[in-house]
Structure formats: structure tokens, C-alpha cells
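Engineer: According to this note's numbering, the stretch in the sequence shown is residues 947 to 1105, in order. Yeah, the Cβ is synthetic: ideal placement off N, Cα and C, and Gly gets one too.
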Amino acid sequence: MIALDIVVEDGNWESLPDAEALAQKAAAAASHVAGETGPDALEVSVLLTDDKAVRVLNKTFRGMDKPTNVLSFPAPAPPGVTGPRHLGDIALAYDTLVREAEEESKPLADHFAHLIVHGVLHLLGYDHEVEAEAERMEGLEVKALSTLGIADPYRDMAA
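1. Between which residues of its own chain and Ala1105 is the CB-CB distance below 6 Å, once the five residues before and five after are set aside?
2. Looking only at its chain, what residues have a beta carbon closer than 8 Å to the beta carbon of Ala1003, apart from the 5 residues adjacent to it on each side?
3. In chain order, which continuous runs of the alpha helix (DSSP H) of length 4 or greater are located wholly inside the region 1001-1054?
4. Taking buried to mean at least 16 other C-beta atoms within 10 Å of its own C-beta, is Met1083 buried or exposed?
5. Is it the case that the Cβ atoms of Ala1021 and Gly1034 are separated by a distance below 7 Å?
6. Identify whether Val1066 lies in helix, strand or coil by the three-state DSSP scheme.
7. How would you write the range of the alpha helix (DSSP H) that Ser991 sits in, first residue to last?
8. Can you tell me where the beta strand (DSSP E) holding Leu950 begins and where it ends?
9. Would you kindly work out how many angstroms separate the C-alpha atoms of Val979 and His1057, rounded to a whole number?
10. Under three-state DSSP, which class holds Ser977?
11. To the nearest whole angstrom, what separates the beta carbons of Leu1043 and Leu1067, a pair I think is in contact under 8 Å?
12. Any beta carbon from chain D within less than 7 Å of Ala987's own beta carbon?
13. Skipping 5 residues on each side, what residues in its chain have a beta carbon closer than 8 Å to that of Ser977?
14. Run through the region 1072-1103 for me and flag every whole alpha helix (DSSP H) of 4 or more residues, listed as ranges in chain order.
15. Going by Cα to Cα distance, which pick from Ser991, Asp1073, Glu1049 is closest to Arg1031?
16. Asp996 and Asp1041: beta carbons closer than 7 Å?
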């Protein structure tokens, strides 16, 4: 089970009225395909904000002075702590999300779900810095999204 603590910081997110329910489904799908289906509860904090706030986070924590679609901040597991395992935090930028969905002709809800899946997989230790890791992570993303009835977001990116 995965629980989300969602904070909506930007009113533009109201244009995606089912964002919280969709985020929950996407996070559950990601944890399931990653094999995190045991009895231990998982927790993730999600910040739904704008480009300005994500740009500050991106500059502060990654040294990149620009907004991005999603940022993931894994939390180390504190020794000896029992109860739900806090995986970390995810921040999504509404403006970038909308722009990318329009540029890629994807439904906004589908792109949002993809970024939640992507962020949760990062919190679970997956990455895409090396080609083999990217293929594995993308495969899990596609699998998770297919359980939600969402098309492969990488299908048109093949060279």
C-alpha cells in the first residue's frame, strides 16, 4: 500500500480535478510493478506547484536554473524506525506539465499519471542515467501506465 500526502500550491491544478485520485492510482501502479507490494506501508509527499517553485527547487538541489516537469527527492530510511516507510517527496510543475502535454499531443491526465509513476520509481531507486537503467525504468513505466489504460508514452520517441 502506498499513501500520498498531496499539497496543492498552485490553483491552476484545479483544471485537473481528479489529480489527487489519479496520483494515488499512478503511485500504486508504480509501486506494484516495482514489486513493492508487501505488508509494509509506503508514504510519499507530493507537491503540485508551478514552474517558479520547481525552478527554485531545481536550482537549489540540482544546480539547474530552470523549471522541469517533475523532481524527486528520495528520503533515506532512518534506522530503527517502524511503521510506514517514507520514500520521499515529488514536486510537479503545472506549467511545464501542460506545455509538454500540448507539445506531445497527450491528454493532460495521462502525462500527469506518467510523471507520478516516473517520480515514484525514482523514489524506489530506479534511474535513467545509463541506457540499461533507462530501458528498465521506462519498461516499468510503460507497464504501470498500461494498468491504468494509458498508452506507452515512449512509443513515438523510437528512432
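Structural biologist: On the basis of the coordinates in this document:
1. In the sequence shown, counting from the first residue as 1, residue 1105 sits at position 159. Unreliable positioning characterises Ala1105 in this predicted model, as indicated by a pLDDT of 45, which lies under 50. The coordinate reading is nonetheless provided below. Within the same chain, and ignoring the five residues on either side of Ala1105 in sequence, no residue has its Cβ closer than 6 Å to its Cβ.
2. By one-based count along the sequence shown, residue 1003 stands at place 57. Strictly speaking, residue 1003 in this sequence is Leu, with Ala absent from that position. Excluding positions up to five away in sequence, the list reads Leu1017, Ala1037.
3. Within the region 1001-1054, the complete alpha helix (DSSP H) segments of 4 residues or longer fall at 1040-1049, listed in chain order.
4. In the sequence shown, counting from the first residue as 1, residue 1083 sits at position 137. Buried is the call here.
5. Numbered from its first residue, the sequence shown carries residue 1021 at position 75. Numbered from its first residue, the sequence shown carries residue 1034 at position 88. A contact, by the Cβ cut-off of 7 Å.
6. On the sequence shown, residue 1066 is found 120 positions in, with the first residue counted as 1. DSSP places Val1066 in helix when its eight states are reduced to three.
7. Translated into positions along the sequence shown, residue 991 becomes position 45. Here Ser991 belongs to no alpha helix (DSSP H); instead the beta strand (DSSP E) covers 988-995.
8. To locate residue 950, count along the sequence shown from 1; it is residue 4. It spans 948-954 - the beta strand (DSSP E) in which Leu950 sits, taken as one unbroken run.
9. As a first step, residue 979 is located in the sequence shown; it is residue number 33 there, counting from the start. As a first step, residue 1057 is located in the sequence shown; it is residue number 111 there, counting from the start. The straight-line gap from Cα to Cα measures roughly 18 Å.
10. As a position in the sequence shown, residue 977 is number 31, starting the count at 1. Reduced to three states, the DSSP call for Ser977 is helix.
11. Residue mapping note: residue 1043 aligns to position 97 of the sequence shown, counting from 1. Residue mapping note: residue 1067 aligns to position 121 of the sequence shown, counting from 1. Not quite, the Cβ-Cβ distance comes to about 17 Å (not below 8 Å), so this is no contact.
12. Annotation note: the requested chain D is absent from the structure, which comprises a single protein chain.
13. Indexing the sequence shown from 1 puts residue 977 at position 31. For Ser977, same chain residues with a beta-carbon under 8 Å away, outside a window of 5 residues either side, are Ile948, Thr983, Leu988, Val1066, Leu1070 in chain order.
14. Counting only runs of 4 or more, we get 1077-1093.
15. Reading the sequence shown from its first residue, position 85 is the one you call residue 1031. Among Ser991, Asp1073, Glu1049, the Cα nearest to that of Arg1031 is on Ser991.
16. For this step, residue 996 is matched to residue 50 along the sequence shown. For this step, residue 1041 is matched to residue 95 along the sequence shown. Less than 7 Å divides the Cβ of Asp996 from the Cβ of Asp1041.
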